[in-house]
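If you're matching positions, the sequence shown starts at 315 in the working numbering and goes up one per residue. Report on one structure; see the data block that follows.
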Amino acid sequence: MNQQPAKSDKLPRPFLGVNFAACRVYGRLYKNHLGTAYEGHCPRCGKFVQVPIGGHGTSARFFIFDCGP
Ligand SMILES: [Zn+2]
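See below:
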């Protein structure tokens, strides 16, 4: 893995790394405008993913989602 120093000229958008298991691709979920969940789509099959944030939400920084049928 290549690790590059973070540039802070712009505020980074919080995101959650997601491994889309069925498509075997990696993607990112970004916080929605309400800040209640991370949302995004599988870059390959387009399946919508939503991960709630909050009290009992995930605190994991990395997430595996099975986007298969
Ligand atoms: Zn997929």
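Backbone N, C-alpha and C fix where the C-beta goes; we use that ideal spot for every residue, glycine too. Because the structure is a prediction, the values reported are computed rather than measured.
Quiz item: So, helix, strand or coil for residue 366, using DSSP?
Solution: Here residue 366 refers to the residue found at position 52 of the sequence shown. Here residue 366 sits in strand by DSSP.
Quiz item: Count the other CB atoms within 10 Å of the CB of residue 356; is the residue buried (16 or more) or exposed (fewer)?
Solution: Here residue 356 corresponds to residue number 42 of the sequence shown, with the count starting at 1. Buried, since its Cβ has 16 or more Cβ neighbours within 10 Å.
Quiz item: Cβ atoms of residue 327 and residue 339: under 9 angstroms apart, would you say?
Solution: On the sequence shown, position 25 is the one that residue 339 refers to. On the sequence shown, position 13 is the one that residue 327 refers to. No, the Cβ-Cβ distance between residue 339 and residue 327 is not below 9 angstroms.
Quiz item: How about residue 365: is its Cβ closer than 8 angstroms to a heavy atom in ligand 1?
Solution: Translated into the one-based positions of the sequence shown, residue 365 becomes position 51. Every heavy atom of ligand 1 is 8 angstroms or more from the Cβ of residue 365, so no.
Quiz item: Looking only at DSSP bridge pairs, what is residue 361 linked to?
Solution: As a working mapping, residue 361 is identified with position 47 in the sequence shown. Its beta-bridge partners do not exist; DSSP assigns none.
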